[in-house]
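Please read the structure below before turning to the comments.
Residue numbers (the numbering used here), protein chains in the order written: chain B, 6 to 259; chain P, 3 to 307.
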């Protein structure tokens, strides 16, 4: 595939919490319209990496970040509008977080907080996002009931709908499937395959097979270092460049 | 698959010595703790019963709305009741907004640095300062330095200073009980801190915030020293049942102070009068607290997670 346009450039990213460095200098690019898989055991810095991307790491007072991250070619540290940056990147957390608002308000929250108030516009955004997240059919008759009353899998799709509601260019999914059943997971995976036509997807996952199914390229992150980054076929082949990768994806260590 | 256990079913569930001992300890601890819990209520019931028993001869609607007569030896407590109402309402009108805003700042905006930790420490320590110290502070700061004189304003400000740290602490606790992922979810979609606070944090902690404030009503109504030093007087002439008898710059009577004077300072008072005063004070406080509980229950039922 063509790897011409870079959605994200990361150059020597280092992150420490207090004195403990958790990401030790990562340099890689993520291309537009690819699904970029990140695998690796717990504590390897996957979630922290995502939090650096949309600068929610700023809320962590002990965290210090160095290095450069460019999203769509512009340095995120020099961005004038941090809220616009965050809207450019959709985030889906590991555990579904339905905000204690109605289903409609959950999805309309982001457009509203960027100043959109017209009901017709909001209606169409809510419908589009819920359809994209494969939730519309189940909830269209009860949009004004509580989002938190949905089941876990539905809430996770609601979270995805919310992440899509601000029309992000990049969608980050942080272990989105740990709280939902395999059937729903497969449905969402189908949704992701659809979405990649429009946006770039970063898929952080503990399920190595999920990365294998979906990702174009996969990075194996271990203790804050990139062990290997290559196309998914090579990572999951018999002979990846690093033997650690082979051992991890085949469950020999991890 | 059928059970292939050759033991008689009754046999299989015979208690071992260990289980018997475990159950005995279990029942002993349960009874012990239940006795503790019940013995908590007994003094309360005794106090209320004792007060009502002695107050009975004076208790009537007349006692509430009538002014004191014959040098406190007869009549009612209306000026003191209204005075307490004034003090509580004004002090909370000052303390509640300041306290809530301060708590929102400390919990939602402030970074975890030495400066904010000092503020936090100061708030916690202020909450433990004895009321007599607040009284002296109010006397120095409001009565003399700010030249408000002995007045309702000085007394209400003193009460506000006294209740403020507790309101801040309880509001912070309520805000902190809102799960962090809610905030993160909002920030992730590009909402500012204020939008997050308004849409998610405050609506989900409002019951705790209001309860914390209302519980300070009883404290403000009950304290004697702060109002005695700054604005409450022994006697103030007021019309029977008059709704707005006081000006802000005037002194007023207060229930707590009135109780103190009729119980200790005035000779030959009818025995039931101090008791009846105490009953009115107690009942007003209990009424407000009951309101707080009802509000909390109502808001809990409307809480969305």
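Just so you know, even glycine gets a beta-carbon here, dropped at the ideal spot from N, CA and C.
Nearest Cα to residue 16(B) within the set 199(B), 58(B), 44(B), 181(B): 58(B). Here residue 75(B) really is in contact with residue 13(B); their C-beta atoms are around 7 Å apart, less than 8 Å. Under a 10 Å Cβ-count criterion, residue 152(P) is classified as buried, with 16 or more other Cβ atoms of the shown protein chains found around its own Cβ. In the structure shown, residue 212(B) falls within a coil segment according to DSSP collapsed to helix, strand and coil. Taking the C-beta atoms as reference points, residue 229(P) is found no nearer than 8 Å to residue 80(P). Under a criterion of Cβ atoms nearer than 8 Å, the residues of chain P adjacent to residue 100(B) are, in order, 183. Residue 223(B) has 42(B), 235(B) as its beta-bridge partners, per DSSP. Put simply, of 92(B), 46(B), 105(B), 133(B) the residue whose alpha carbon is nearest the alpha carbon of residue 154(B) is 105(B). DSSP, read as helix, strand or coil, puts residue 36(B) in strand. A distance below 8 Å separates the beta carbons of residue 163(P) and residue 140(P).
Proximity of chain B to residue 110(P) at the Cβ level (cut-off 9 Å) is not reached, the minimal Cβ distance being about 11 Å.
The beta-carbon separation of residue 133(P) and residue 233(P), rounded to 14 Å, does not stay under the 8 Å limit for a contact. Assigned with DSSP and collapsed to three states, residue 122(B) falls in coil, not helix or strand.
For the pair residue 173(P) and residue 106(P), the Cα-to-Cα distance works out to about 8 Å. Within chain B, the residues 114 have their CB atoms less than 7 Å from the CB of residue 201(P), given in chain order. By the CB criterion at 8 Å, residue 99(B) and residue 194(B) fall outside the cutoff. Residue contact check for residue 116(P) against chain B: no CB pair falls below 8 Å. About 31 Å separates the beta carbons of residue 270(P) and residue 220(P), which is beyond the 8 Å limit, so they are not a contact pair. The Cβ neighbour count for residue 202(P), taken over all protein chains shown within 10 Å, is at least 16; the residue is labelled buried. The Cβ-Cβ distance between residue 108(P) and residue 208(P) does not fall below 8 Å. Counting only residues of its own chain and dropping the five nearest sequence neighbours on each side, residue 210(P) has a CB closer than 6 Å to the CB of 176.
Among the residues of chain P, none has a CB under 8 Å from the CB of residue 109(B); the nearest is roughly 13 Å distant.
Taking the CA atoms as reference points, residue 26(P) sits about 11 Å from residue 19(P).
Against chain B, a Cβ distance below 7 Å from residue 78(P) picks out nothing, because the smallest value is about 49 Å. For the options 171(B), 239(B), 227(B), the alpha carbon positioned closest to that of residue 135(B) is the one of 171(B).
Neighbours of residue 189(P) in chain B, taken as residues at a C-beta separation under 8 Å, are given in chain order as 61, 64, 91. For residue 165(P), the enclosing alpha helix (DSSP H) starts and ends at 154 to 178. Within the same chain, 167, 168, 171 come within 7 Å of residue 129(P) by CB-CB distance, once the 5 residues on both sides are set aside.
Chain-ordered, the chain B residues with CB closer than 8 Å to the CB of residue 193(P) read 88, 114, 115, 118. In this structure residue 168(B) is not in contact with residue 103(B), their Cβ atoms being roughly 13 Å apart against a cut-off of 8 Å. Residues of the region 204 to 220 of chain P with a C-beta atom less than 8 Å from some C-beta of chain B are 205, 206, listed in chain order. Within its own chain, the residues whose Cβ lies closer than 8 Å to the Cβ of residue 55(B), once the five positions on either side in sequence are excluded, are 96, 177, 179, 207, 209, listed in chain order.
Identification of chain B residues near residue 113(P) by a Cβ-Cβ cut-off of 9 Å yields 66, ordered along the chain. Chain P places a beta carbon closer than 8 Å to that of residue 105(B), counting this residue as a contact.
Cβ-Cβ distances below 8 Å link residue 216(P) to 290, 291, 293, 294, 297 in the same chain, with the five nearest sequence neighbours on each side left out; the list follows chain order.
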